[in-house]
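Chains as they are written, first to last, in my numbering: chain A, 1 to 218; chain B, 1 to 248.
Cβ coordinates follow ideal geometry from the N, Cα and C atoms, glycine included.
Report on one structure; see the data block that follows.
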Amino acid sequence: MRIEVARKAYGETTILRDFVLEVAPQESVALLGPSGIGKSTLLRIVAGLDDAYEGRVTGAGRIALAFQEPTLLPWRSVRDNLTITTRCTASQADELLASVGLPQVGDRFPNTLSLGQARRVSLARAFAMRPDTLLLDEPFASLDRDASSKMQALLLDLLRAHPARLILVTHNPAEAARLVTRVLRLGGIPAQIEGDTRFETPVADRDEPTIAAMAAEL
Amino acid sequence: MGDMRVPLLSIAIFALLWTLVAWLAASPATLPTPWTVARLGLAELASGELLFHLSATLARTLAAFVIAMTIGAVIGLAMGTNRAANAWGDPWLIGLLNLPALVTIVLCYIWIGLTEVAAIAAVAINKIPLVATQMREGARALDPALDDMARAFGMSRRAKMRHIVLPQLAPHFAASGRTGIALIWKIVLVVEFLGRSNGVGFMIHQYFQLFDVARVLVYAISFVIVMLAVEALALQPWERRATRWRLR
Numbered sequence: 001m002r003i004e005v006a007r008k009a010y011g012e013t014t015i016l017r018d019f020v021l022e023v024a025p026q027e028s029v030a031l032l033g034p035s036g037i038g039k040s041t042l043l044r045i046v047a048g049l050d051d052a053y054e055g056r057v058t059g060a061g062r063i064a065l066a067f068q069e070p071t072l073l074p075w076r077s078v079r080d081n082l083t084i085t086t087r088c089t090a091s092q093a094d095e096l097l098a099s100v101g102l103p104q105v106g107d108r109f110p111n112t113l114s115l116g117q118a119r120r121v122s123l124a125r126a127f128a129m130r131p132d133t134l135l136l137d138e139p140f141a142s143l144d145r146d147a148s149s150k151m152q153a154l155l156l157d158l159l160r161a162h163p164a165r166l167i168l169v170t171h172n173p174a175e176a177a178r179l180v181t182r183v184l185r186l187g188g189i190p191a192q193i194e195g196d197t198r199f200e201t202p203v204a205d206r207d208e209p210t211i212a213a214m215a216a217e218l
Numbered sequence: 001m002g003d004m005r006v007p008l009l010s011i012a013i014f015a016l017l018w019t020l021v022a023w024l025a026a027s028p029a030t031l032p033t034p035w036t037v038a039r040l041g042l043a044e045l046a047s048g049e050l051l052f053h054l055s056a057t058l059a060r061t062l063a064a065f066v067i068a069m070t071i072g073a074v075i076g077l078a079m080g081t082n083r084a085a086n087a088w089g090d091p092w093l094i095g096l097l098n099l100p101a102l103v104t105i106v107l108c109y110i111w112i113g114l115t116e117v118a119a120i121a122a123v124a125i126n127k128i129p130l131v132a133t134q135m136r137e138g139a140r141a142l143d144p145a146l147d148d149m150a151r152a153f154g155m156s157r158r159a160k161m162r163h164i165v166l167p168q169l170a171p172h173f174a175a176s177g178r179t180g181i182a183l184i185w186k187i188v189l190v191v192e193f194l195g196r197s198n199g200v201g202f203m204i205h206q207y208f209q210l211f212d213v214a215r216v217l218v219y220a221i222s223f224v225i226v227m228l229a230v231e232a233l234a235l236q237p238w239e240r241r242a243t244r245w246r247l248r
């Protein structure tokens, strides 16, 4: 897929200029940088939620997205949240809920879940789309360490079972070092690609010291 | 069912005060006692008159209610989500909101004729701008994050309406439903008073001309009871169902 943003502005402020990014199928890319730099804007453009920009996005295929907020429908059961939104079957929904470690929540309403559980439901919903391109916007923010690392392991398992192109927005280098094969560091106004790092070590072979060393590089 | 003792006691105190005032006034023609009214009510019920007129009024109320809620919701949703629709529609809405019910009723009877259609149209036209205003507020408060989510996942218009928009509007439907039904039946009575030959409003007209206060009260109180029953048996259960997800 190819993302080209010639210009994206909010009012007078140009936040993206001449930004070009190509992502191969099943490649995983992290967009790393401080908040307000335009990472989320870029993700919204790719998701088709923002068309007020000059440029184009091609070859993304079917897209699924998990926001920082779980954005579940509070008035529908957890299972219905998956089936209604993605048109998957109830049994596919139950299977995905089991694979994010929540086999028993299908009949419950989302407001009975913790934030970590709701995020995992939101991740299951994204995979229920059978996406070619998976967009994740700070999916682990404000989770405690345990919940966060558990959910990151789940994401890697799910990607192994359902391969997809991944674009992950994060401000946390350790997350990027654990989860992706390529890290783009964004900085400046308008945002530029200040660093483009490719990691050779396969995601599955990274242990904690490797991840810490890689994160230090970023 | 919650504790009914306080409301029942409160009603009993009201009846007691009524009796006291009636006794002090000592003029049964102007203010009959509660038991006189109750006795007359039972007689009207036994003759079938009461039920006939109650059901005529109830049918008009429900017809006007359904029409006003539907049209008002469509208008409100359009105005709440579309800037141009709001700019064009707002002056009309303000005009209609300030149009006295009596004017609408008289004009409908003159233009459409002394018919059932005119009666129901007049009532609905009075209520539509109120529903539209309430629904516009609801539409403006729709969560943009949920809308983004629906777009990102390519949900159909139909699915969005059913699973995202309408559940968010449910509290506004409930609020305008509750105030709506209360307002509508009062206007229905005026409509019947002015140009129908059955219904509670018609009967009140009849007994007003005879200065029969007792029977005016019989019809008024009976219909209040019917509307309280509609609220308790239809509106409240629906609202509980629509908001059941809020319970943890």
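When the Cα atoms are used, what is the spatial distance from residue 190/B to residue 163/B?
-> 39 Å
In chain A, which residues lie less than 9 Å from residue 151/B when you measure between Cβ atoms?
-> 47, 48 and 49
If the cut is a Cβ gap below 7 Å, which residues of chain B does residue 76/A touch?
-> 163
Cβ atoms of residue 152/A and residue 178/A: under 8 Å apart, would you say?
-> yes
Can a CB atom of chain B be found closer than 8 Å to the CB of residue 42/A?
-> no
Please classify residue 11/B: does DSSP put it in a helix, a strand, or coil?
-> helix
Who are the Cβ neighbours of residue 193/A in its own chain at under 6 Å, not counting the five residues just before and after it?
-> 184
By a C-beta neighbour count over all protein chains shown, 10 Å radius and 16 as the cutoff for buried, is residue 56/A buried or exposed?
-> exposed
DSSP-derived helix/strand/coil call for residue 202/B = helix
Quick one: list the residues of chain A neighbouring residue 159/B, beta-carbon separation under 9 Å, in chain order.
-> 84, 85 and 87
Does any residue of chain A bring its CB to less than 8 Å from the CB of residue 245/B?
-> yes
Please determine, among 189/A, 206/A, 190/A and 168/A, the residue with the shortest C-alpha to C-alpha distance to residue 65/A.
-> 168/A
Taking Cβ positions only, does residue 109/A come closer than 8 Å to chain B?
-> yes
Taking only the alpha-carbon atoms, compute the straight-line gap between residue 201/B and residue 192/B and give it to the nearest angstrom.
-> 5 Å
Measure the alpha-carbon distance for residue 113/A versus residue 146/B and round it to whole angstroms.
-> 18 Å
Spell out whether any CB of chain A is found under 8 Å from the CB atom of residue 237/B.
-> no
Mind checking if residue 32/B is an interface residue toward chain A, Cβ cutoff 8 Å exclusive?
-> no
Got a sec: which bits of the stretch 123-142 of chain A sit with their beta carbon under 7 Å from any beta carbon on chain B, in order along the chain?
-> 129
So is residue 145/B in contact with chain A if we call contact Cβ pairs under 8 Å?
-> yes
Measure the beta-carbon distance from residue 100/A to residue 154/A and round it to whole angstroms, keeping in mind my assumption that it falls under 8 Å.
-> 5 Å
Compute the Euclidean distance between the alpha carbons of residue 92/B and residue 98/B, then round it to the nearest angstrom.
-> 10 Å
In the stretch 62-76 of chain A, which residues sit with their C-beta less than 9 Å from some C-beta in chain B, listed in chain order?
-> 62, 63, 64, 65, 67, 69, 71, 72, 73, 74, 75 and 76
Spell out the partners DSSP gives residue 196/A in its beta bridges.
-> 184/A
Could you spell out where the beta strand (DSSP E) holding residue 33/A opens and where it closes?
-> From DSSP, residue 33/A is part of no beta strand (DSSP E); its letter is neither H nor E.
Alpha carbon to alpha carbon, what distance is there between residue 89/A and residue 47/B?
-> 59 Å
In the stretch 163-178 of chain B, which residues sit with their C-beta less than 9 Å from some C-beta in chain A, listed in chain order?
-> 163, 164, 167, 168 and 170
Is it true that the CB of residue 129/A sits closer than 8 Å to the CB of residue 60/A?
-> no
Would residue 30/B pass as a contact of residue 19/B if the rule is Cβ separation under 8 Å?
-> no
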